[in-house]
Amino acid sequence: MSALTPATETRFSSLRKLIQRRVSWLPVGAAVLILVLMFAAGQSYFGRFLTPRLLSSLLVDNAYLIVLAAGMTFVILTGGIDLSVGAVMAFTGMLAAKLLSTGVPTAVVIPLMVVSGAVFGLIIGVLVNYFDVQPFIASLAGMFLARGLCFVVSLEAIQVKDTTVLGLQSVKLGTFEWYITPTGIIALLVIAVAAWVLGYTRFGRTVYAIGGNEQSARLMGLPVARTKVLVYVISGVCAGIAGLLFTAYTAAGYSLNGIGTELDTIASVVIGGTLLAGGSGYVIGSLIGVLVYGVIKVSITFLGADSSWTRITIGILLLVFVVVQRVLVARGSRR
Amino acid sequence: MDAQPVLEVVGAQLRFAGDTALADVDFRMFPGEVHSLMGENGAGKSTLIKAITGAIRLDAGTISVDGTAVSFATPAAAQRAGIRTVYQEIDLLPNLSVAENIMLGREPRRLGFIDWRATRAAAREAMRQVGLELDPDSLLSSHSLAVQQLVAIARAVSTELRILILDEPTSSLDQDEVAELFGVIRDLKSRGVAILFVSHFLEQVYEICDRVTVLRNGSMVGEYLTTELLRIDLVQKMLGRDISELELESHSTAPLPESDHGVVLSAVEVSRAHRIEPTSVELHAGEVLGLAGLLGSGRTELARILSGVDPTETGRISYEGTQRHFAEPREALAVGVAYSSENRKVEGIIAELSVRENILLALQAEQGWVRRIARRRQDELTASWIEALDIRPANPEHPAGLLSGGNQQKVMLARLLAVAPRVLVLDEPTRGIDVGAKIEVQRVISDLAATGMSVVFISAELEEVLRVSDRILVLRDRRAVAELDPETLTVDMLLAIVAKADTDE
């Protein structure tokens, strides 16, 4: 049987070998291509589109979404979904605004935001893993719970005057053209840490393993239960961090903040090349996905068109990506 | 061998939902020995393996490793004790690299982070031990099943391996791949690993195993040395019935009425690129046509064309004299050609549905979903098929996924037969099922042919093809090479024709 002999296995041309090794990066490449094409199209249509200021604001304005997408990537890689992130982000923001207005120190409030996000994630993770609830349902419950608690905290918007929190967004580092805010730095930091964890820790590899085949992962003796709970906790933590960034961005906590953000997050992750079925995808891709989302939003504003066109465009793009994913998966399984 | 057993199971008992799965089973394995667990489907083999590997817990009985009683709560715990399993349906991760599949969960780390270079090196070393030389970074899914299986074994070898359990490792391998696997097994054996080899292929068991434990209906029949147990005795112990019952009456050779000899299906020069070269074949009424050939010889591909699952790229297919072009299986089914896939898990049984629903699926589809079959009629039909094919348990509402492989196969057969086809194409209907169920399926096929139905029968076991078929078409390297009369053949002669290399011609 020739397949077993080393000769045939090593006879692959180096190019084919490269493609074979890097096939999971293809969707990310596609996202990068789309981003580049959008920049090019914007530049040629609007003239001065591709400016340092636009690129800087792209990162800064979408910092909270980048953080959410990083967390969501973990969940989707295991084949799960987390619909609670928008509401949890709103809740942690609400909580922070309320506490800050009553004089609780910032050093207490910020860790509390992260912890409360983690608690939501833990509840969802436990429901999913130990009570065998569908991730969709469990996180939907988490979403309603968080949104409901927002209204318990306050029905009105609460303004944030804390200089530390506001400074996260208002401090602009760099030149007038190229700048970054602490929120942008936090977002990039989250991406870097997430990419590192997914690529270089046993926990991260277990996340991929579960997405590939949960049963196999279990039989391989991997800590499936722990990992599945932990991805929701990570997503919750990210929602907490996003709550901080969003509060800094809007300078207020409001119970209707972030409605539909969970869907924007999922769309960004999928456009960034992560397979909804799990097992394949990269945090870097999710970052690209958010940037694509950001460019669409900016372009719609440039065009002066109704903002609903953002959703329409995202919808179409998402549709294309999901179909492309199906084709890739079908191709893979035909082998 | 008087050495201390590395694994000893004493008085294992387990009940599932009121059914006894294991009743007082003893089992032991010695280092450097290959042990086989034999028994029909439902004998308790898988249950015992699951208990040993920590996938389920026993109600009573003890498991000890090296004389120390153990109780594995999870597969991970069993793995820490050096017990590794390679499953029939390879339980690896197609989305990850070869290196990761071998090292996952045990990657070498530096400062808490995975050291990829060391991981790849360790994976290479493990692969070298099983004679593999793959690119550690290549995706697992880019390799053949046989290679994936060796990767699974490499994963086991890369650990402190005491006991290796191979569950039906050869069911999807061809002969050369089996030989390769046996080489690896012998090597592991010489290094003192205790190996549990579970297979339905008796020849393989006799070739590689030192010791056999026979189970029947969850009870222990006995433990034997293969050298001291005649093959026929082994089968008898597994089946627990008189061996004469096994002898299938030689297939009906009584001449059929002349009118029944008409050509039902005729294919002329049908082919698919890279799958099967242009091939012509005729199928007569009341005939069992056996397709013999190795894996990859084109036997499955030809069967799929004949049954309209895959369209032919050249030539034509006529059914009862009328030329047909089947674009999808439904059209073939409509004129009476039914196909049973070799891949019954993926393409056949719907595990969540009951036996009744599975059996009636095709019939209901043929009628159209609007005209629902009356429940009384459904129950009657199901009961009659359960009886006719001896499906066990004889409970129409039992979820089909919980049946044993042999019984699932019978449910598939019942589904096809319920639509009263004229031509039945069966691709490996007896694969992975036990000897008793095999004989029953063979009997059903012979009975069907006697009623005038035409059957195309594929099996990897030449002996079976020889026994069941009225005519045998031998395929080799994607083309038909011979058409033979089984009356004049022996297994060895057929094997010679099937295996003959091109250069000899």
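Those protein sequences? They're chains A and B, same order as listed.
The numbering of the first sequence is our numbering, which starts it at 1 and goes up by one.
The numbering of the second sequence is our numbering, which starts it at 1001 and goes up by one.
Built from N, CA and C at the ideal position, the CB exists for glycine as well.
At a beta-carbon threshold of 9 Å, the residues of chain A lying near residue 1076/B are 218, 220, 221, 222 and 223, ordered along the chain.
By alpha-carbon distance to residue 97/A, the top candidate from 271/A, 162/A, 77/A and 299/A is 162/A. At a cut-off of 9 Å between C-beta atoms, residue 212/A counts as an interface residue with respect to chain B. Here the segment 1168-1183 of chain B does not lie against the segment 1020-1040 of chain B, with fewer than 3 beta-carbon pairs under 8 Å apart. DSSP places residue 1428/B outside both helix and strand once states are collapsed to three, so it counts as coil. For chain B, the residues of the segment 256-282 of chain A that bring a beta carbon within less than 9 Å of one of its beta carbons are 275, 278, 279 and 280, in chain order. Distance between residue 1169/B and residue 1141/B, taken at the CA atoms: about 18 Å. When only Cα atoms are considered, residue 1424/B and residue 1189/B end up about 44 Å apart.
Note on residue 255/A: 16 or more other CB atoms within 10 angstroms of its CB, so buried under the neighbour-count rule. For residue 295/A and residue 1137/B, the gap between their C-alpha atoms comes out near 35 Å. Of the residues 1279/B, 1025/B, 1373/B and 1351/B, the one whose Cα lies closest to the Cα of residue 1477/B is 1279/B. Scanning chain A for C-beta atoms nearer than 9 Å to the C-beta of residue 1114/B yields 199, 200, 201, 202, 204 and 205, reported in chain order. Looking at the DSSP output, residue 1020/B bridges to 1015/B. For residue 1203/B, no beta strand (DSSP E) segment is defined; the enclosing uninterrupted segment is the alpha helix (DSSP H) at 1202-1208.
Checking the DSSP bridge columns, you'll see residue 1271/B partnered with 1314/B.
For residue 1109/B, the nearest CB of chain A lies under 9 Å from its own CB, placing it at the interface with that chain. Nearest Cα to residue 1392/B within the set 1212/B, 1406/B and 1380/B: 1406/B.
Residue nearest to residue 1039/B within the set 1126/B, 1117/B and 1238/B is 1238/B (criterion: CA-CA distance). Taken through DSSP and simplified to helix, strand or coil, residue 1047/B comes out as helix. Contact of residue 1087/B with chain A is assigned, a C-beta pair being separated by under 9 Å. Shown in chain order are the members of the segment 180-200 of chain A whose Cβ falls below 7 Å from a Cβ of chain B: 200. Sequence-distant partners of residue 1427/B (beyond 5 residues in either direction) whose C-beta falls short of 7 Å from its own C-beta, in its chain, are 1300, 1303, 1340, 1341, 1342 and 1458.
Taking the Cα positions, residue 1072/B is about 15 Å away from residue 1162/B. Assignment of beta-bridge partners to residue 72/A by DSSP yields no partner. Remark: C-beta atoms of residue 42/A and residue 68/A do not approach each other more closely than 9 Å. With three or more CB-CB distances shorter than 8 Å, the segment 251-266 of chain A counts as touching the segment 81-95 of chain A. Every unbroken stretch of the alpha helix (DSSP H) spanning 4 or more residues and falling wholly within the segment 181-258 of chain A is given here in chain order: 182-200, 202-212, 214-219 and 224-250. Sixteen is the threshold: since fewer than 16 other Cβ atoms of the shown chains lie within 10 Å of the Cβ of residue 176/A, the residue is exposed. For residue 1079/B, the closest Cβ of chain A is nearer than 9 Å. When Cβ-Cβ separations below 9 Å define contact, residue 154/A makes no contact with chain B.
Residues of chain A whose Cβ lies closer than 7 Å to the Cβ of residue 1100/B are, in chain order, 205. Residue 1279/B: member of the beta strand (DSSP E) spanning 1276-1284, first to last residue. Listed by position along chain A, the residues whose Cβ is nearer than 7 Å to that of residue 1094/B are 212. The residues 1304, in chain order, have a CB closer than 6 Å to that of residue 1310/B in the same chain once the five nearest residues on each side in sequence are set aside. With its beta carbon at least 9 Å from every one in chain B, residue 322/A lies outside the interface. The count of Cβ pairs closer than 8 Å, one atom from the segment 134-154 of chain A and one from the segment 92-109 of chain A, reaches three, so the stretches are in contact.
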